[in-house]
Amino acid sequence: MLVGVPREIKNNEFRVGLTPAAVREYVARGHGVLVETGAGLGIDAPDAAYVAAGATIAASAGEVFAKAGMIVKVKEPQPEEWAQFRPGQILFTYLHLAPDPVQARGLMESGVTAVAYETVTDAHGGLPLLAPMSEVAGRLSIQAAATALQKPNGGRGILLGGVPGVAPAKVVVIGGGVVGMHAARMAAGLGAEVTVLDRSVPRLRELDETFAGRIRTRYSTIDALEDEVISADAVIGAVLIPGAAAPKLVTRAMLPKMKRGAVLVDVAIDQGGCFETSHATTHAEPTYVVDGVIHYCVANMPGAVPLTSSHALNHATLPFGVALAGEGLAALARDPHLRNGLNVHRGRITHRAVAEALGESFADPAGNIAA
Ligand SMILES: NC(=O)C1=CN([C@@H]2O[C@H](COP(=O)(O)OP(=O)(O)OC[C@H]3O[C@@H](n4cnc5c(N)ncnc54)[C@H](O)[C@@H]3O)[C@@H](O)[C@H]2O)C=CC1
Ligand SMILES: CC(=O)C(=O)O
Ligand SMILES: [Mg+2]
Numbered sequence: 001m002l003v004g005v006p007r008e009i010k011n012n013e014f015r016v017g018l019t020p021a022a023v024r025e026y027v028a029r030g031h032g033v034l035v036e037t038g039a040g041l042g043i044d045a046p047d048a049a050y051v052a053a054g055a056t057i058a059a060s061a062g063e064v065f066a067k068a069g070m071i072v073k074v075k076e077p078q079p080e081e082w083a084q085f086r087p088g089q090i091l092f093t094y095l096h097l098a099p100d101p102v103q104a105r106g107l108m109e110s111g112v113t114a115v116a117y118e119t120v121t122d123a124h125g126g127l128p129l130l131a132p133m134s135e136v137a138g139r140l141s142i143q144a145a146a147t148a149l150q151k152p153n154g155g156r157g158i159l160l161g162g163v164p165g166v167a168p169a170k171v172v173v174i175g176g177g178v179v180g181m182h183a184a185r186m187a188a189g190l191g192a193e194v195t196v197l198d199r200s201v202p203r204l205r206e207l208d209e210t211f212a213g214r215i216r217t218r219y220s221t222i223d224a225l226e227d228e229v230i231s232a233d234a235v236i237g238a239v240l241i242p243g244a245a246a247p248k249l250v251t252r253a254m255l256p257k258m259k260r261g262a263v264l265v266d267v268a269i270d271q272g273g274c275f276e277t278s279h280a281t282t283h284a285e286p287t288y289v290v291d292g293v294i295h296y297c298v299a300n301m302p303g304a305v306p307l308t309s310s311h312a313l314n315h316a317t318l319p320f321g322v323a324l325a326g327e328g329l330a331a332l333a334r335d336p337h338l339r340n341g342l343n344v345h346r347g348r349i350t351h352r353a354v355a356e357a358l359g360e361s362f363a364d365p366a367g368n369i370a371a
């Protein structure tokens, strides 16, 4: 198959769908790879590095979309991109369709077969293609919080770790999955006081063991959540119900009770956000203020550290990508975990939670992917 890699065009998105090392793996399996000129510049990979790996360079994104049988990207397609998809073409990327009916409609009308990284599953109940970017975003969330908390940036003016004789900041993490654990690790490493809330007791147990007393865990009732949020200097929103829109856990009514200059970092913004007052922001203008509380809601946080993120993402996507390139729809029929990634096929939504969130009818992929 001819695999196409356009340059990412979302605001301040410097990642790339395939690294040169990944291109070499596709080429070794007999595939052609067409890379838009400049696609790898954000990771210090010039066109020559892609040519050395066996790719051909396309002068424009239009050429990539027109020629390739499968498109590998990072971020959800932008309107000018989904206009170029065609029936039967495979798209392999993050989609986050639940809070994005306009994109969903665009993909349905294009006839593309869209496999979303974030809903591919593994045998252990995890999300292997979301996990690496959740590791990055979880760690970055604390850097974002630390920066926003500084007085010149509008924050309370507190150092996360404090200093000897002065108490540290209080960081509350809502959702103790991959993002939450990596946020907790960074915050604890800097010396902050950290509490993680989750609805899963087994998960809280795991975190308790992993951190061996260095963080507190709390079951996430409405009471506990309100209590923790009101006393926090920084709150990290890290919940996920796979495929679905994020539940709004921090309400607008809670904000006036919070400390002035406290910071909310809504990592779950790509699924619509878990704070009622969240709306997506960009790296160019990452924060805004509601009721004296700073909101950071960047939907592509890992795009800011592409040298780390692109490689981590490619390590996870590679086995699934080469299966799709090699077998096409048969790969989806064979592998139920890859099939869980199928969100749109032949104009229908093929993921149950995504269909429910969008109010669209659900087309069961098991009976819908005959090649
Ligand atoms: N903004 C960005 O750039 C990025 C955003 N993300 C997003 O971060 C979010 C979290 O991702 P992961 O950590 O990988 O998910 P995960 O599935 O590993 O963890 C989610 C956790 O939330 C918990 N949870 C669900 N409902 C809850 C509730 N009502 N109260 C408390 N906890 C609850 C679950 O039990 C689970 O432990 C996702 O929306 C993901 O798409 C991930 C990477 C980058
Ligand atoms: C997961 C995601 O949306 C991102 O890495 O941008
Ligand atoms: Mg995102």
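Oh and the sequence shown: position 171 is 171 in UniProt numbering, straight run, nothing missing.
No residue lacks a Cβ here, since even glycine has one placed at the ideal position from N, Cα and C.
Here the structure is a predicted model, which means the values were calculated and not measured.
| Item | Value |
| --- | --- |
| Closest Cα partner of ALA116 within the set ALA98, MET301, ALA253 | ALA98 |
| Contact under 8 Å by Cβ, VAL265 with LEU249 | no |
| Residue closest to LEU324, alpha-carbon to alpha-carbon, out of ALA66, LEU338, ALA268 | LEU338 |
| Uninterrupted beta strand (DSSP E) stretches inside the stretch 280 to 353 (no shorter than 3 residues) | 287 to 290, 293 to 296, 342 to 345 |
| Among PRO152, THR221, ASP223, VAL293, nearest to ARG252 - alpha-carbon criterion | VAL293 |
| Start-to-end residues for the alpha helix (DSSP H) that takes in PHE211 | 201 to 211 |
| With 16 other Cβ atoms within 10 Å as the buried cut-off, status of GLU209 | exposed |
| One or two residues paired with PHE92 in a DSSP bridge | VAL72, VAL115 |
| PRO202: CB within 7 Å of a non-hydrogen atom of ligand 1 | no |
| Beta-carbon proximity list for MET133, same chain, < 7 Å, skipping 5 on both sides | PRO302, SER309, LEU313 |
| Reduced DSSP secondary structure (H/G/I, E/B, other) of ARG156 | coil |
| Beta-ladder partner(s) of THR195, from DSSP | VAL172, ARG216 |
| Rounded Cβ spacing between ALA58 and LEU91 (contact assumed at less than 8 Å) | The pair is not a contact, with the Cβ atoms about 17 Å apart (cut-off 8 Å). |
| GLY4: first and last residue of the uninterrupted beta strand (DSSP E) it sits in | 2 to 5 |
| PRO46: CB within 7 Å of a non-hydrogen atom of ligand 1 | no |
| CB of ALA83 within 8 Å of CB of ILE349, strictly | no |
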